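Q: Sharing a structure with you now.
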Amino acid sequence: MAAVARPVFLLLLLFSCWNSTGAHEGKSPKKGKKGKHVVCPSQLSPEELAQVPGNSTSNILNRLMVSYDARIRPNFKGIPVESKVNIFINSFGSIQETTMDYRINIFLRQRWNDPRLRLPADFKSDSLTIDPKMFQCLWKPDLFFANEKNANFHDVTQDNILLFIFRNGDVLISMRLSVTLSCPLDLTLFPMDTQLCKMQLESFGYTTSDLVFMWQSDPVQMDEIALPQFDIKQEDIKYGNCTKFYQGTGYYTCVEVIFTLRRQVGFYLMGVYAPTLLIVVLSWLSFWINPDASAARVPLGILSVLSLSSESMSLASELPKVSYVKAIDIWLIACLLFGFSSLVEYAVVQVMLNSPKRIEEEKIKMAAKEKAREEKEGKMAQSKTNNTVNGTGGTPIHVSTLQVVETRCKKVCTSKSDLRSNDFSIVGSLPRDFELSNFDCYGKPVEVMGALKSQSKANKKPAPPKPVIPAAAKRVDLYARALFPFTFLFFNVVYWSVYL
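All the letters of the sequence shown, read from the start, carry residue numbers 572 to 1071 under the numbering used here.
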């Protein structure tokens, strides 16, 4: 069995090795991002260099580069290389408050002098434009963005790199980059804030004894840029030197540009300030509603508080969680306090409304007022009764009819007062239309309709008694109508004076 198993095992081992070899051979090597490796002139053999025509530009470039060593900086062991930096801004992204960064698309230009690349006298042009692939064959400053979070080159349709060599040996490189840079924000005055965002360009490996960065004249160029929330202007851009010292390695050259970004407050005025102000004013409407209408006042107050809380939470989710108070936080907190205070005010009114002691006091006051009113009405009725035909108050409209001749009046007076008094002395002495008047046969006023009205009122069911509302509860609402608007107006004056 052992003799049979051994050949089978060997066959399986050979089969597995053949599969693994075929799989490795089938895989093609991945291409690098930059494509094929660039062969520099210094790497060419003398036979390959001899094949290039002597009067061609390629031969001039080969002569410049054949002894060139990109590993050594210009002026090695001599004066430091001065690299002049210039930036053209293509686009400027808006600041992200949550991540505290911004994205910018630029043309980064650097110019320095390399004596090894001086053009020969037989080259008639003042500059030589080189293929961007030769960028890898030259020494270049090791510039990096000190506050960079993310960055990338652009290679559509070719590498976005421009390379010039001038007659005096100056080298100009321009490359297109998209960079995400950190920008620590101070949101104390948000949204009436102004932010200072930096872009720092620093050398990574060369100290100030080997390389020095400096700004060219007109360091930052840009066209008109429109941002959704910020204003950026050319005259507000500042430049500076940020050379840094690192313990153990020394000083490293650094230049910086500072962008001044002023936030436009219009979006927040329309989206936050105006709605919250209207909600606060809406909560004041409860002061004009009857204190006993709790079904209307309580939902109004709760709706105002919930709306303000929802607005605060939605805004907080769009901002970083900082430990200090922002300007918009003060506004939202104040609006929330005003909405909550209107709800508390109704709670105070409701306590007074349901106080038995205050209700009894109000009933006593109401009874006293009713008694005084009835006494006043009684006096007025008595004075009215005295002002009759026999009194001093004037003559009624039908008194003249008492002097009409008997022969002209055939109508018998049927007034109840005459029947009640059994006085028929003037029967037939009144005109025919006298029965329609409001006077009896003696010219005294008779309240017929008043009697009918009192009789109909007696037949009706008594109306339910009105709720007794203490005067103190009404007084609290009255004071709140003036106190809340004036306090909120004073807060607005102080708030906008400080933050605008």
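We put the beta carbon where it would ideally sit given N, CA and C, even for glycine. As the structure is a computational prediction, the values presented were derived from the model and not from experiment.
If you reduce the DSSP assignment to three classes, tell me which class P691 lands in.
A: Along the sequence shown, one-based indexing puts residue 691 at 120. If DSSP states are grouped into helix, strand and coil, P691 belongs with coil.
Q: Identify the residues that DSSP records as bridge partners of M770: which are they?
A: Residue 770 sits at position 199 when you count from the first residue of the sequence shown. Answer is V828, bridged to M770.
Q: Verify whether the separation of the beta carbon atoms of L879 and I850 is less than 9 Å.
A: On the sequence shown, position 308 is the one that residue 879 refers to. On the sequence shown, position 279 is the one that residue 850 refers to. Contact flag set, yes.
Q: Taking the alpha-carbon positions, what's the F816 to Y823 distance?
A: For the purposes of this step, residue 816 is identified with residue 245 of the sequence shown, where counting begins at 1. For the purposes of this step, residue 823 is identified with residue 252 of the sequence shown, where counting begins at 1. Approximately 6 Å, taken between the alpha carbons.
Q: Check whether the Cβ atoms of F761 and R834 sit closer than 9 Å, and answer yes or no.
A: Counting from 1 along the sequence shown, the entry for residue 761 is found at position 190. Counting from 1 along the sequence shown, the entry for residue 834 is found at position 263. Against a cut-off of 9 Å, the Cβ pair of R834 and F761 comes out as a contact.
Q: On the criterion of 16 or more Cβ atoms from any shown chain inside 10 Å, does L734 qualify as buried, or is it exposed?
A: Along the sequence shown, read from residue 1 onward, the residue named residue 734 stands at position 163. Buried, because 16 or more other Cβ atoms sit within 10 Å of the Cβ of L734.
Q: For S954, does the three-state DSSP call read helix, strand or coil?
A: Within the sequence shown, numbered from 1, the residue matching residue 954 stands at position 383. Correct three-state label for S954: helix.
Q: Whose C-alpha, out of P846, C754, T820, K769, is nearest the C-alpha of Y777?
A: Taking the first residue of the sequence shown as 1, we reach residue 777 at position 206. Measuring from the Cα of Y777, the nearest candidate turns out to be T820.
Q: In the DSSP assignment, find the alpha helix (DSSP H) that holds Y895 and state where it starts and stops.
A: Within the sequence shown, the letter at position 324 stands for residue 895. Counting along the chain, Y895 falls outside any alpha helix (DSSP H), and DSSP gives it neither H nor E.
Q: If I measure Cβ to Cβ from I860 and keep anything under 7 Å in the same chain, skipping five residues before and after, which residues do I get?
A: Taking the sequence shown and counting its residues from 1, the one referred to as residue 860 is at position 289. Contacts found: A867, R868.
Q: Who are the Cβ neighbours of S857 in its own chain at under 7 Å, not counting the five residues just before and after it?
A: Translated into the one-based positions of the sequence shown, residue 857 becomes position 286. Closer than 7 Å at the Cβ level, and outside the excluded window around S857, lie R868, L871, G872, S913, Y917.
Q: Applying the criterion that 16 or more other CB atoms from any shown protein chain within 10 Å of the CB defines a buried residue, is T847 buried or exposed?
A: In the sequence shown, the residue the question calls residue 847 occupies position 276. By the neighbour-count rule (16 or more Cβ atoms within 10 Å), T847 is buried.
Q: Measure the CB-CB distance between P891 and E668 and report whether it falls below 9 Å.
A: Here residue 891 refers to the residue found at position 320 when the sequence shown is read from its first residue. Here residue 668 refers to the residue found at position 97 when the sequence shown is read from its first residue. Contact flag set, yes.
Q: Taking just the CA atoms, how far does Y839 sit from R738?
A: Translated into positions along the sequence shown, residue 738 becomes position 167. Translated into positions along the sequence shown, residue 839 becomes position 268. About 56 Å.
Q: With DSSP as the reference, label M705 as helix, strand or coil.
A: Here the question's residue 705 lines up with position 134 in the sequence shown. Reduced to three states, the DSSP call for M705 is helix.
Q: What span of residues does the beta strand (DSSP E) with N812 cover, start to end?
A: Position 241 of the sequence shown, counting from 1, holds the residue named residue 812. It spans 809 to 812 - the beta strand (DSSP E) in which N812 sits, taken as one unbroken run.
Q: If distances are taken between C-alpha atoms only, which option among A943, G664, I1040 comes closest to L798?
A: Within the sequence shown, residue 798 is the residue found at index 227, counting from 1. Ranking the options by Cα distance to L798, first place goes to G664.
Q: Do the CB positions of F1055 and F911 come within less than 9 Å of each other?
A: In the sequence shown, counting from the first residue as 1, residue 1055 sits at position 484. In the sequence shown, counting from the first residue as 1, residue 911 sits at position 340. The Cβ atoms of F1055 and F911 do not sit closer than 9 Å to each other.
Q: With H, G and I counted as helix, E and B as strand and the rest as coil, what does DSSP make of V783?
A: Along the sequence shown, read from residue 1 onward, the residue named residue 783 stands at position 212. The three-state reading of DSSP puts V783 in strand, counting E and B together.
Q: Would you kindly report the start and end of the unbroken beta strand (DSSP E) that includes F761?
A: Translated into positions along the sequence shown, residue 761 becomes position 190. That residue, F761, is in no beta strand (DSSP E); it is neither H nor E in DSSP.
Q: Determine the direct distance from the alpha carbon of I829 to that of I701, and round the result to whole angstroms.
A: The residue given as residue 701 occupies position 130 in the sequence shown. The residue given as residue 829 occupies position 258 in the sequence shown. So the two alpha carbons sit approximately 33 Å from each other.
Q: Around the Cβ of D757, are there at least 16 other Cβ atoms within 10 angstroms (buried) or fewer (exposed)?
A: Walking along the sequence shown from the start, residue 757 turns up at place 186. D757 is exposed by the Cβ-count criterion.
Q: Within 10 Å of its beta-carbon, does S1124 have 16 or more other beta-carbons around it, so buried, or fewer, so exposed?
A: Residue 1124 falls outside the range modelled here, since the chain spans only 572 to 1071, and no answer is possible.
Q: Just to confirm before moving on: does the CB-CB distance between T751 and D672 stay below 9 Å?
A: Taking the first residue of the sequence shown as position 1, residue 751 is located at position 180. Taking the first residue of the sequence shown as position 1, residue 672 is located at position 101. In contact: T751 and D672 (Cβ atoms closer than 9 Å).
Q: Rank C754, V609, D730, V1047 by C-alpha distance to the C-alpha of D744 and give the top, closest one.
A: The residue labelled residue 744 in the question sits at position 173 within the sequence shown. It should be pointed out that residue 744 corresponds to Ile in this sequence rather than to Asp. Considering only alpha carbons, the answer is D730.
Q: Identify the continuous beta strand (DSSP E) that holds L734 and give its terminal residues.
A: For the purposes of this step, residue 734 is taken as residue 163 along the sequence shown, with counting starting at 1. It spans 732 to 737 - the beta strand (DSSP E) in which L734 sits, taken as one unbroken run.
Q: Is L1049 buried or exposed, if buried means 16 or more other CB atoms sit within 10 Å of its CB?
A: In the sequence shown, the residue the question calls residue 1049 occupies position 478. The residue in question, L1049, is exposed, as its Cβ has fewer than 16 Cβ neighbours within 10 Å.
Q: May I ask which residues mark the beginning and end of the beta strand (DSSP E) holding E882?
A: Within the sequence shown, the letter at position 311 stands for residue 882. It is not in any beta strand (DSSP E) - E882 instead sits in the alpha helix (DSSP H) that spans 865 to 887.
Q: Would you tell me roughly how many angstroms separate the C-alpha atoms of N646 and D685, rounded to the nearest one?
A: As a first step, residue 646 is located in the sequence shown; it is residue number 75 there, counting from the start. As a first step, residue 685 is located in the sequence shown; it is residue number 114 there, counting from the start. Distance between the alpha carbons of N646 and D685: 8 Å.
Q: The beta strand (DSSP E) that contains M746, what's its start and end?
A: Mapped onto the sequence shown, residue 746 falls at position 175. Where M746 is concerned, the enclosing beta strand (DSSP E) stretches over 741 to 753.
Q: Taking only three categories from DSSP, how would you classify N676?
A: Here residue 676 refers to the residue found at position 105 of the sequence shown. Strand, per DSSP.
Q: Classify P617 as buried or exposed, calling it buried when 16 or more other Cβ atoms lie within 10 Å of its own Cβ.
A: Within the sequence shown, numbered from 1, the residue matching residue 617 stands at position 46. By the 10 Å Cβ count, P617 comes out exposed.
Q: In chain order, what residues of the same chain lie with their CB nearer than 7 Å to the CB of Q707, ignoring the 5 residues before and after it?
A: What you label residue 707 is simply residue 136 of the sequence shown in a count that begins at 1. V609, listed in sequence order.
Q: Locate the alpha helix (DSSP H) running through A1044, then write down its first and last residues.
A: Indexing the sequence shown from 1 puts residue 1044 at position 473. Note, A1044: alpha helix (DSSP H), 1042 to 1070.
Q: Which residue's Cα is closest to the Cα of I650: V783, K809, N661, I1040?
A: Indexing the sequence shown from 1 puts residue 650 at position 79. Among V783, K809, N661, I1040, the Cα nearest to that of I650 belongs to V783.
Q: Among V742, P624, N676, whose alpha-carbon lies nearest the alpha-carbon of Q792?
A: Translated into the one-based positions of the sequence shown, residue 792 becomes position 221. If we check each option's Cα against that of Q792, N676 comes out closest.
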